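**Student:**
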Amino acid sequence: MQPALIKNDFLPDFCNGQTVFNAVLLAESLALILTIVGKQITGDLFRDLLLVSLFVQWIAIFSLAVLCYLRPWLNRLTPLRAGIIAYLLLVGITLLCGELAMWVLWAVGSNPVLHPEWYRYFQLQNLALAVIIDGLALHYFLSRHQLKLSTAAEARARMQVMQYRLRPYFLFNSMNIIASLTRSSPSQAEEATEDLADLFRLMLDEKKSLIPVNKEMSVASKYIRLEKMRFDNRLTDTWKTEHFPLHARMPVLMLQLVLEIAIRQSLEKTSEPVEITISTVLDDGNMNLTVCSHQLRSPEQIEQEEQEALNNIRERLITHYENRATLSLQTNNNGQCIHLAIPVYEGTE
Numbered sequence: 000m001q002p003a004l005i006k007n008d009f010l011p012d013f014c015n016g017q018t019v020f021n022a023v024l025l026a027e028s029l030a031l032i033l034t035i036v037g038k039q040i041t042g043d044l045f046r047d048l049l050l051v052s053l054f055v056q057w058i059a060i061f062s063l064a065v066l067c068y069l070r071p072w073l074n075r076l077t078p079l080r081a082g083i084i085a086y087l088l089l090v091g092i093t094l095l096c097g098e099l100a101m102w103v104l105w106a107v108g109s110n111p112v113l114h115p116e117w118y119r120y121f122q123l124q125n126l127a128l129a130v131i132i133d134g135l136a137l138h139y140f141l142s143r144h145q146l147k148l149s150t151a152a153e154a155r156a157r158m159q160v161m162q163y164r165l166r167p168y169f170l171f172n173s174m175n176i177i178a179s180l181t182r183s184s185p186s187q188a189e190e191a192t193e194d195l196a197d198l199f200r201l202m203l204d205e206k207k208s209l210i211p212v213n214k215e216m217s218v219a220s221k222y223i224r225l226e227k228m229r230f231d232n233r234l235t236d237t238w239k240t241e242h243f244p245l246h247a248r249m250p251v252l253m254l255q256l257v258l259e260i261a262i263r264q265s266l267e268k269t270s271e272p273v274e275i276t277i278s279t280v281l282d283d284g285n286m287n288l289t290v291c292s293h294q295l296r297s298p299e300q301i302e303q304e305e306q307e308a309l310n311n312i313r314e315r316l317i318t319h320y321e322n323r324a325t326l327s328l329q330t331n332n333n334g335q336c337i338h339l340a341i342p343v344y345e346g347t348e
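51 is the number that numbering that gives the first Met the number 0 gives to position 52 of the sequence shown; each next residue is one higher, with no gaps.
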């Protein structure tokens, strides 16, 4: 299970419009501060602000363009090496823009000589500001990167804990099914063993946290077969699903866990036959999954263990999709329904 955050995304996307806007806004704020606290250039505050803004924005846009172009290459380096190179580039760009400003002023006749007596002080001031401001910016980027890595590691650990929490209960139920069938129906016991082997082969694969939706449906159908054997065919399942593209994915064994909750809400609480309905609809990249057990229970009757299972599902959805996936439990005249909405073309492993 390799989350996307493990890749080196130390530097932000400097080609992104929001990043450019933020950089220009910060540059203008810096220009305003320098104009207010600095030495007057022309004696007119607004004219000074115009000149300083032009120079600072020139540096900001030039820096953004260079980092935008070099970012794919820089992100292939280690964060430390990428940070040092980016830092030196930004300082160099500042000094280069200062030199170009001298050439422009000399070319338009504002300066009688190319390098006036205040040129050295001007460049030293630019160097000092670049060293401080660029250093703070890169320290922020590094801190943000470390936070992402820490968050990704925590998410992986939490995901593994949740997966391990599912296995003992599922194994216990499955072994009970096979044990009960061994004497009464050896052929069914053999079929159940094969289904269980397929389920655990997928469950024990640590490299997969998102699998194709069609494969998840196939795994869930094997789980339903096991439960039908356990409950002497009191369980009836109705599938209203559609075929999903190969690149449509969902969390592994998510549907199995939802089915397990639905069965525990209904079949284990009654001796009557129960129908489970599974329906899926693909709508604008989101899979709307509904699992209904046609055995009416009030939300107050949902046991604590089942509530914990629902909370586990919510945590897994947050880990994979942040706030882009939803889970809800609804009761109507036909029974209890669990609704899932998952962006099947997205998700972090």
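We treat Cβ as the ideally placed atom computed from N, Cα and C, and that holds for glycine.
Please read these numbers as outputs of a predicted model, since none were measured by experiment.
Report yes if the C-beta distance between S292 and V273 is below 8 Å; otherwise report no.
**Tutor:** Position 293 of the sequence shown holds residue 292. Position 274 of the sequence shown holds residue 273. Remark: C-beta atoms of S292 and V273 approach each other more closely than 8 Å.
**Student:** Taking the continuous beta strand (DSSP E) assigned at C336, which residues delimit it?
**Tutor:** Along the sequence shown, read from residue 1 onward, the residue named residue 336 stands at position 337. For C336, the uninterrupted beta strand (DSSP E) run begins and ends at 334-342, by DSSP.
**Student:** May I have the straight-line CA-CA distance separating N234 from L328, to the nearest angstrom?
**Tutor:** Translated into the one-based positions of the sequence shown, residue 234 becomes position 235. Translated into the one-based positions of the sequence shown, residue 328 becomes position 329. Residue identity differs from the one stated: residue 234 is Leu in this sequence, not Asn. Cα-Cα distance, rounded: 21 Å.
**Student:** Please indicate yes or no: does the CB of R248 lie closer than 7 Å to some heavy atom of the ligand COA?
**Tutor:** Absence of the ligand COA from the depicted structure is noted, as is the absence of any ligand whatsoever, leaving it without description.
**Student:** Using only the alpha-carbon positions, how far apart do L339 and E259 sit?
**Tutor:** As a first step, residue 339 is located in the sequence shown; it is residue number 340 there, counting from the start. As a first step, residue 259 is located in the sequence shown; it is residue number 260 there, counting from the start. Going from the Cα of L339 to the Cα of E259 covers about 15 Å.
**Student:** Distance check for V212 and D133, CA to CA, integer angstroms please.
**Tutor:** Here residue 133 refers to the residue found at position 134 when the sequence shown is read from its first residue. Here residue 212 refers to the residue found at position 213 when the sequence shown is read from its first residue. Approximately 46 Å between the Cα atoms of the pair.
**Student:** Have a look at V290 and T192 and give me their C-alpha separation to the nearest angstrom.
**Tutor:** What you label residue 290 is simply residue 291 of the sequence shown in a count that begins at 1. What you label residue 192 is simply residue 193 of the sequence shown in a count that begins at 1. Rounded to the nearest angstrom, the two C-alpha atoms are 25 Å apart.
**Student:** Compare the beta carbon distance of G97 and F61 with 8 Å and say whether it is the shorter of the two.
**Tutor:** Translated into positions along the sequence shown, residue 97 becomes position 98. Translated into positions along the sequence shown, residue 61 becomes position 62. In this structure, G97 keeps its C-beta atom at 8 Å or more from the C-beta atom of F61.
**Student:** Are the beta-carbon atoms belonging to T318 and I277 less than 8 Å from one another?
**Tutor:** Counted from its first residue, the sequence shown places residue 318 at position 319. Counted from its first residue, the sequence shown places residue 277 at position 278. No, these two residues do not count as a Cβ contact at 8 Å.
**Student:** Could you tell me which uninterrupted alpha helix (DSSP H) segments, each at least 4 residues in length, are contained entirely in the segment 197-249, listed from first to last along the chain?
**Tutor:** Taking only runs of at least 4 residues, the alpha helix (DSSP H) segments lying wholly in the segment 197-249 are 212-229.
**Student:** Measuring alpha carbon to alpha carbon, tell me which of R263, F230, A247 ends up nearest N285.
**Tutor:** As a position in the sequence shown, residue 285 is number 286, starting the count at 1. Checking every option, the nearest Cα to that of N285 belongs to A247.
**Student:** On the criterion of 16 or more Cβ atoms from any shown chain inside 10 Å, does N232 qualify as buried, or is it exposed?
**Tutor:** Residue 232 sits at position 233 when you count from the first residue of the sequence shown. Per the 10 Å Cβ criterion, exposed.
**Student:** Could you tell me which uninterrupted alpha helix (DSSP H) segments, each at least 4 residues in length, are contained entirely in the segment 0-81, listed from first to last along the chain?
**Tutor:** Runs found: 16-36, 44-73.
**Student:** Would you report the Cα separation of K282 and A324, rounded to the nearest angstrom?
**Tutor:** Residue 282 sits at position 283 when you count from the first residue of the sequence shown. Residue 324 sits at position 325 when you count from the first residue of the sequence shown. Sequence inspection shows Asp at residue 282; the Lys mentioned does not correspond to that position. Distance from the CA atom of D282 to the CA atom of A324, rounded to whole angstroms, is 13 Å.
**Student:** Output needed for L66: all residues of its chain with C-beta closer than 6 Å, excluding positions within five of it in sequence on either side, in chain order.
**Tutor:** Counting from one through the sequence shown, the residue named residue 66 turns up at place 67. Here the set comprises F13.
**Student:** With distances taken from CA atoms, which of V103, T93, L146, S142 is nearest L349?
**Tutor:** An answer regarding residue 349 cannot be provided, because it is not within the stretch 0 to 348 covered by the chain.
**Student:** So the alpha helix (DSSP H) E274 belongs to, where does it begin and stop?
**Tutor:** Within the sequence shown, numbered from 1, the residue matching residue 274 stands at position 275. In the DSSP assignment, E274 falls outside any alpha helix (DSSP H) and lies within the beta strand (DSSP E) extending over 273-282.
**Student:** Run through the DSSP bridge pairs and tell me what C291 is partnered with.
**Tutor:** Position 292 of the sequence shown, counted from the start, is the residue given in the question as residue 291. Partner(s): T276, C336.
**Student:** For L128, which of L50, I32, P244, V257 has the nearest alpha-carbon?
**Tutor:** For the purposes of this step, residue 128 is taken as residue 129 along the sequence shown, with counting starting at 1. For L128, the nearest C-alpha among the options comes from I32.
**Student:** Figure out for me which residue from R70, M101, S173 has the closest Cα to the Cα of W117.
**Tutor:** The sequence position of residue 117 within the sequence shown is 118, counting from 1. W117 has its Cα closest to that of M101, out of R70, M101, S173.
**Student:** Using a Cβ-Cβ cut-off of 7 Å (strictly less than) and excluding sequence neighbours within five positions of L137, which residues of its own chain qualify?
**Tutor:** Counting from one through the sequence shown, the residue named residue 137 turns up at place 138. Only G82, A85, Y86 meet the Cβ criterion.
**Student:** Opposite N285 in the DSSP bridges: which residues?
**Tutor:** The sequence position of residue 285 within the sequence shown is 286, counting from 1. Per DSSP, D282, P342.
**Student:** With E321 as the anchor, note down where its alpha helix (DSSP H) starts and where it stops.
**Tutor:** The residue given as residue 321 occupies position 322 in the sequence shown. Where E321 is concerned, there is no enclosing alpha helix (DSSP H), given that its DSSP letter is neither H nor E.
**Student:** Below 8 Å on the Cβ atoms is my guess for V251 versus I210; work out the distance and round it to an integer in Å.
**Tutor:** Residue mapping note: residue 251 aligns to position 252 of the sequence shown, counting from 1. Residue mapping note: residue 210 aligns to position 211 of the sequence shown, counting from 1. The Cβ separation is near 5 Å, so the contact holds.
**Student:** Taking the straight line between their C-alpha atoms, what separation do you get for H242 and F20?
**Tutor:** Within the sequence shown, the letter at position 243 stands for residue 242. Within the sequence shown, the letter at position 21 stands for residue 20. Rounded to whole angstroms, H242 to F20 spans 43 Å at the Cα level.
**Student:** For L48, which option in Q187, R182, T34 has the closest C-alpha, if you only look at C-alpha atoms?
**Tutor:** Translated into the one-based positions of the sequence shown, residue 48 becomes position 49. Nearest of Q187, R182, T34 to L48, Cα basis: T34.
**Student:** Using the rule of at least 16 other Cβ atoms within 10 Å of the residue's Cβ for burial, across every protein chain shown, is G91 buried or exposed?
**Tutor:** For the purposes of this step, residue 91 is taken as residue 92 along the sequence shown, with counting starting at 1. It is exposed - the Cβ of G91 has fewer than 16 other Cβ atoms within 10 Å.
**Student:** What does DSSP give as the partner residue(s) for S327 in the beta ladder?
**Tutor:** Locating residue 327 in the sequence shown gives position 328, where the first residue counts as 1. S327 is bridged to H338.
**Student:** Determine the direct distance from the alpha carbon of I262 to that of S179, and round the result to whole angstroms.
**Tutor:** In the sequence shown, counting from the first residue as 1, residue 179 sits at position 180. In the sequence shown, counting from the first residue as 1, residue 262 sits at position 263. For S179 and I262, the distance between alpha carbons rounds to 18 Å.
**Student:** Output the distance between the C-alpha atoms of K147 and F140, rounded to the nearest integer angstrom.
**Tutor:** Position 148 of the sequence shown, counted from the first residue, corresponds to residue 147. Position 141 of the sequence shown, counted from the first residue, corresponds to residue 140. So the two alpha carbons sit approximately 11 Å from each other.
**Student:** How would you label N175, buried or exposed, when you count the other beta carbons within 10 angstroms and need 16 or more for buried?
**Tutor:** Numbered from 1 along the sequence shown, position 176 holds the residue referred to as residue 175. By the 10 Å Cβ count, N175 comes out exposed.
**Student:** For R315 versus M253, is the C-beta distance shorter than 8 Å?
**Tutor:** Reading the sequence shown from its first residue, position 316 is the one you call residue 315. Reading the sequence shown from its first residue, position 254 is the one you call residue 253. Against a cut-off of 8 Å, the Cβ pair of M253 and R315 comes out as a contact.
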